[in-house]
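J.: Here the sequence shown is numbered in this note's numbering, starting from 267 and rising by one per residue.
Glycine included, each C-beta is placed from N, C-alpha and C at the ideal position.
Since this is a predicted model, take the numbers as computed values, not measurements.
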Amino acid sequence: MVTLILYLSVDLPSLSSLGKAYQWIRPRCCLRCRSTRVWGHGYVARYFDGWKDPLWLKRWRCPDCRTVFTGRPDTHWRGFHSPWSVILEVLRRKVLGLTFVLELSRQRQQYWWRGFQMQCRVEGEARELQQLFAEGVIVATHSLTDRAITSAPEALHPIFAFTTRVRSP
Ligand SMILES: [Zn+2]
C-alpha cells in the first residue's frame, strides 16, 4: 500500500474547532492512477504547533490502485509540527551565520539544521537552501526517501499544486 501526502489549503483554527466535521477539499481523482473513485478513508491525528491536542487529518483511498492519501495543511511539511516558513527562517539565519532563535527549542532547531546538512549533500555537491526549497525538497527532513514536498508530481492536479517562494533576505 502506498501512502501519499496531499498538501492542501487548510484553515487550522477551523480544523481545530470542527474536528472531523471540517470540510476538506476532496480529490477529484486519484493522483496516481486517475481513477475517479476516491473514497473517504477515515482520519489520522497529527500534532501542530500552537494546538495542545492533535488535529484530525482526513484520508482518502483509491480502490483501484489502493493508494491512501492523507490531507495535510500546505503550511506544514510532513513530519514537522512547525510551519515550514518558521523552519526556513531558522535555517536561513543559520546559513547567514546568525544564532538560533530564542523563542524556539534549540534542540528542534538543531534537528532542522542537521536535516538541512543532509539534504544539501544528497546529490553530492553542496546545494543552497533556496535552491533546494525551490525544487520542492523538504529541506529539514532527515529522510532520504520521503524528501519531496509533492508526493505525486507526475499526476499533480492544479488544485493541489504547491507553489510558493522563499522570502528574500
Ligand atoms: Zn488510484
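What three-state label does DSSP hand Ala414 in the structure shown?
T.: strand
J.: Name the two residues that bound the continuous beta strand (DSSP E) containing Pro339.
T.: 334-339
J.: Tell me the rounded alpha-carbon separation between Asp340 and Tyr273.
T.: 5 Å
J.: Considering just the uninterrupted stretch of the beta strand (DSSP E) at Trp305, what are its terminal residues?
T.: Element bounds for Trp305: 305-312.
J.: Nearest-angstrom Cα distance between Ser301 and Trp317?
T.: If you take the alpha carbons of Ser301 and Trp317, they lie about 35 Å apart.
J.: Once the 5 residues before and after Ala311 are set aside, which same chain residues still bring their CB inside 8 Å of it?
T.: Pro320, Leu321, Trp322, Leu323
J.: From Arg294 to Cys328, what does the alpha carbon distance come to, in whole angstroms?
T.: 11 Å
J.: Give the DSSP-derived three-state secondary structure of Trp322 in the structure shown.
T.: Strand at Trp322.
J.: Less than 7 Å separating the Cβ of Thr336 from some heavy atom of ligand 1?
T.: no
J.: Is Arg436 near ligand 1, going by C-beta to nearest heavy atom under 7 Å?
T.: No answer is possible for residue 436: it lies beyond the span of the chain, which begins at 267 and ends at 435.
J.: Is Trp326 near Phe335, with beta carbons less than 8 Å apart?
T.: yes
J.: Should Thr333 be listed as close to ligand 1, given that the test is whether its C-beta is under 7 Å from any heavy atom?
T.: yes
J.: What is the rounded straight-line gap between the Cα of Phe399 and the Cα of Val405?
T.: 6 Å
J.: Residues in the same chain with beta-carbon distance under 7 Å from Cys296, minus the five sequence neighbours each way, listed in chain order, please.
T.: Val304, Cys328, Asp330, Cys331, Thr333
J.: For Gln375, does the count of other Cβ atoms within 10 angstroms reach 16, so buried, or fall short, so exposed?
T.: buried
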